[in-house]
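Participant: Numbering (full-length UniProt numbering), first residue to last: 1 to 246.
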């Protein structure tokens with residue numbers, strides 16, 4: 001009986017020893033697994049922390065990139081707006097250049113027209129100057145002729161009435177009074193020897209068909225003559241432009 005209990009006790013001790021060994025072995029195994037798992041957890045935690053840091057940096061870079069994209073978009077919009085304004089300014093400048101060219105063409109045409117008018121006026125001025133010079137020469141010639149006629153009148157007036165002979169002229173002579181000398185009481189006519197006038201010939205003076213008086217030829221040239229206003233005539237009434245005829 002004692003042996004039985006001893007045997008049981010021995011078996012129990014052996015079983016306890018084996019169980020203790022198994023438990024110790026299992027505990028060591030669990031510890032190793034725990035340490036391994038703890039190491040893995042630490043590694044994973046460290047990687048997670050690194051990932052968080054990288055994620056934070058990536059998020060920061062993403063925000064910076066978004067900010068840069070927003071800024072770039074705004075600049076692009078500004079550039080497009082400026083480009084649109086530039087196109088508008090270019091169009092406006094082209095329109096102004098076109099208007100300036102049109103004004104230049106118009107002013108050129110006006111200048112050419114003014115130049116043409118200036119040439120015409122220059123030609124007219126030259127023609128007028130030539131005409132004035134011609135008239136001055138003609139006036140000088142008439143003044144010289146009038147001086148000669150006046151001298152001739154004075155000479156004829158010195159002639160004694162007894163030496164004056166009666167003359168006759170052909171009929172149909174017509175002319176006009178060119179000028180009147182009130183002081184010496186004589187007139188200048190626009191008809192002369194070629195028209196049939198002779199010295200001492202008498203012509204009647206009319207105005208608008210009405211008789212004004214008579215004049216007596218005292219000197220003749222080819223196309224002009226000097227005549228005294230006859231006594232009894234209205235000497236003050238004879239005027240340049242009056243008709244003379246016989």
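Don't be surprised by glycine CBs; every beta carbon is placed ideally from N, CA and C.
I need the straight-line Cα distance from residue 231 to residue 127, nearest angstrom please.
Facilitator: Straight-line Cα distance between these residues: approximately 46 Å.
Participant: Under a three-way DSSP split, which group does residue 266 fall into?
Facilitator: The chain is shown from 1 up to 246; residue 266 falls before or after that span and cannot be answered.
Participant: To the nearest angstrom, how far is the alpha carbon of residue 134 from that of residue 177?
Facilitator: 22 Å
Participant: Could you compute how far the alpha carbon of residue 148 sits from the alpha carbon of residue 132?
Facilitator: 24 Å
Participant: Can you give the Cα-Cα distance for residue 57 and residue 63, rounded to whole angstroms?
Facilitator: Cα to Cα, the separation comes out at about 10 Å.
Participant: Helix, strand or coil for residue 140, going by three-state DSSP, please let me know.
Facilitator: helix
Participant: Quick check: what's the CA-CA separation for residue 50 versus residue 30?
Facilitator: 29 Å
Participant: Taking the straight line between their C-alpha atoms, what separation do you get for residue 32 and residue 13?
Facilitator: Just so you know, the alpha carbons of residue 32 and residue 13 end up roughly 28 Å apart.
Participant: What are the partner residues of residue 217, as DSSP defines its beta bridges?
Facilitator: According to DSSP, residue pairing for residue 217 in a beta bridge involves 227.
Participant: Going straight from the alpha carbon of residue 141 to that of residue 211, what length do you get?
Facilitator: 31 Å
Participant: Could you give the first and the last residue of the continuous beta strand (DSSP E) run that contains residue 179?
Facilitator: 174 to 181
Participant: Pop quiz: residue 196 and residue 173 are said to be a contact at Cβ under 8 Å. What is the actual Cβ separation, rounded to whole angstroms?
Facilitator: 5 Å
Participant: If you measure between the beta carbons of residue 185 and residue 228, is that distance less than 9 Å?
Facilitator: yes
Participant: Leaving out five residues on either side along the sequence, give the residues of the same chain with a beta carbon under 6 Å from the beta carbon of residue 194.
Facilitator: 222
Participant: Can you look up residue 96 in the DSSP assignment and give me helix, strand or coil?
Facilitator: helix
Participant: In whole angstroms, what is the alpha-carbon distance linking residue 238 and residue 207?
Facilitator: 9 Å
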